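Novice: Take the sequence shown: its position 52, counted from the start at 1, is 46 in the numbering used here, and no numbers get skipped.
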Amino acid sequence: MNLRGLFQDFNPSKFLIYACLLLFSVLLALRLDGIIQWSYWAVFAPIWLWKLMVIVGASVGTGVWARNPQYRAEGETCVEFKAMLIAVGIHLLLLMFEVLVCDRIERGSHFWLLVFMPLFFVSPVSVAACVWGFRHDRSLELEILCSVNILQFIFIALRLDKIIHWPWLVVCVPLWILMSFLCLVVLYYIVWSVLFLRSMDVIAEQRRTHITMALSWMTIVVPLLTFEGGSGFARISVSFCLKSAHF
């Protein structure tokens, strides 16, 4: 096996994010089922690790930028630095939201609308970041995810505060729309992968890239659809709401 070829597209940043999210999902499920009795501050430890690495990386990058004035004359380096600042700003708003969530669950002293306020700011900031990113050909996964979910954030906050009493399946309609779009993306990559496999004019590297993307999107979307389409999603949401209301 060619390990160099296997890991040539390896992205350490995304690996850290996905690993932290996986560990957080496991800990949260165990906590909601009562298998572990940890404080939610401890349950969110993988999220704190993720944000800590972002802050440390941004601090190092800012220090290097400040100590090397010659980088400011390079157009591409300036774009990289601005992209880092935008990403850090979004992560700090997400960190504020996560801190407020833990505080709300542990103490229950304020409304969920206040807890979700950082996300309400994240969405317009992410829209502006997407416009800037498209102009400079930047990767925009996090920004797009935050910008398209503003309506979902509002619905969840209103439902948790019992301002609206819609069923959770209705509350999550914006999420179903997003998942439908992701299904189209998966279908797109599958179709192109099949076409590239049957074409003799496509080089092996392009075939490998499209097959990898198709498998990656399927690995992400299919489990999400299974989780959200079953009763588990609504049950976890209601359980989370009831547990929070008791504090």
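Beta carbons: idealized from backbone N, C-alpha and C, even for Gly. Just so it is clear, the structure is predicted and the values come from calculations on it, not from any experiment.
For my contact list, L113 and F147 are in at a C-beta cut-off of 8 Å; report their separation, rounded to the angstrom.
Specialist: For this step, residue 113 is matched to residue 119 along the sequence shown. For this step, residue 147 is matched to residue 153 along the sequence shown. Confirmed, Cβ separation roughly 4 Å.
Novice: Between which two residues does the alpha helix (DSSP H) harbouring K45 extend?
Specialist: The sequence position of residue 45 within the sequence shown is 51, counting from 1. Looking at the DSSP string, the run of the alpha helix (DSSP H) that includes K45 is A39 to R61.
Novice: Can you look up D251 in the DSSP assignment and give me helix, strand or coil?
Specialist: The shown model of the chain, from -5 to 241, leaves out residue 251, and the question about it has no answer.
Novice: As a quick exercise: from K8, C14 and G127, pick the residue whose alpha carbon is nearest that of K331.
Specialist: Because residue 331 is not part of the residues shown, which for the chain are -5 to 241, the question remains open.
Novice: Could you check the C-alpha separation between C140 and C124 for me, to the nearest Å?
Specialist: The residue you call residue 140 lines up with position 146 of the sequence shown. The residue you call residue 124 lines up with position 130 of the sequence shown. If I take the Cα positions, the gap works out to 10 Å.
Novice: For the alpha helix (DSSP H) containing G127, list its first residue and its last residue.
Specialist: Here residue 127 refers to the residue found at position 133 when the sequence shown is read from its first residue. Per DSSP, G127 belongs to the alpha helix (DSSP H) from M111 to R129.
Novice: Who are the near neighbours of I41 in its chain, counting only those whose CB is closer than 7 Å to its CB and skipping five residues on each side?
Specialist: Start at 1 with the first residue of the sequence shown, and residue 41 comes out as number 47. Taken in chain order, the residues that qualify are C14, F18 and E92.
Novice: Can the beta-carbon of V180 be found closer than 8 Å to that of W211?
Specialist: The residue labelled residue 180 in the question sits at position 186 within the sequence shown. The residue labelled residue 211 in the question sits at position 217 within the sequence shown. Yes, the Cβ-Cβ distance between V180 and W211 is below 8 Å.
Novice: With distances taken Cα to Cα, identify the nearest neighbour of L219 among S7, A60 and C166.
Specialist: Residue 219 sits at position 225 when you count from the first residue of the sequence shown. Checked all of S7, A60 and C166; the closest Cα to L219 is C166.
Novice: Would you give the residue range spanned by the alpha helix (DSSP H) that Q64 belongs to?
Specialist: Walking along the sequence shown from the start, residue 64 turns up at place 70. Careful: Q64 lies outside any alpha helix (DSSP H) and carries neither H nor E.
Novice: Where does E137 land, buried or exposed, given buried means 16+ other C-beta within 10 angstroms?
Specialist: Here residue 137 refers to the residue found at position 143 of the sequence shown. The residue in question, E137, is buried, as its Cβ has 16 or more Cβ neighbours within 10 Å.
Novice: Kindly indicate which residue of C177, S33, Q200 and L176 has the alpha-carbon position closest to the one of D97.
Specialist: Against the sequence shown, residue 97 aligns to sequence position 103. Residue S33 is the option with its Cα nearest to D97.
Novice: Given this structure, state the Cα-to-Cα distance separating L327 from L134, to the nearest angstrom.
Specialist: Shown here, the chain extends from -5 to 241; a query on residue 327 therefore has no answer.
Novice: Decide if F9 is buried, meaning its Cβ has at least 16 other Cβ atoms within 10 Å, or exposed.
Specialist: In the sequence shown, residue 9 corresponds to position 15, counting from 1. Answer is exposed; the Cβ neighbour count stays below 16.
Novice: Please give the ranges of any alpha helix (DSSP H) in the segment 168 to 225, keeping only runs that are unbroken, at least 4 residues long and fully inside the region.
Specialist: Listed in chain order, the complete alpha helix (DSSP H) runs (minimum 4 residues) inside the segment 168 to 225 are 198 to 223.
Novice: When we look at the beta-carbon of H204 and count the other beta-carbons within 10 Å, is it buried (16 or more) or exposed?
Specialist: As a position in the sequence shown, residue 204 is number 210, starting the count at 1. Burial call: buried.
Novice: Pull up the distance between the alpha-carbon of V48 and that of Y183, whole angstroms please.
Specialist: Here residue 48 refers to the residue found at position 54 when the sequence shown is read from its first residue. Here residue 183 refers to the residue found at position 189 when the sequence shown is read from its first residue. Their Cα atoms are separated by approximately 31 Å.
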